[in-house]
Amino acid sequence: PDPADRRAARLEITGAARDRMASWRRARTGLVTEALTALSEEDLEAIENALPALEKLMGVLKEQP
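Following this note's numbering, the numbering of the sequence shown begins with 17 at its first residue and continues without gaps.
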């Protein structure tokens, strides 16, 4: 239980789950990296130019309930 709110329960991730999540992140990073190598310079430049707008979008989405 949560000492500040007895109605709530705290969950903790296990070491095995933490390792699994890290493995998934590495695999996903590898897939994205490989996919990016297939793009043209123009496509990569377009993605780079879109990053500020995408970061702004992420900020807006984080504010949503």
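Glycine included, each C-beta is placed from N, C-alpha and C at the ideal position.
Alpha-carbon spacing of residue i relative to residue j, whole angstroms
i   : j   : result
Q80 : M74 : 10 Å
L45 : R26 : Note on residue identity: the sequence assigns Thr, not Leu, to residue 45. One C-alpha to the other measures close to 30 Å.
E50 : D18 : 43 Å
K78 : A66 : 19 Å
A24 : D59 : 47 Å
Segment limits, alpha helix (DSSP H) that includes residue i
i   : result
L77 : E57 to E79
A51 : G31 to T53
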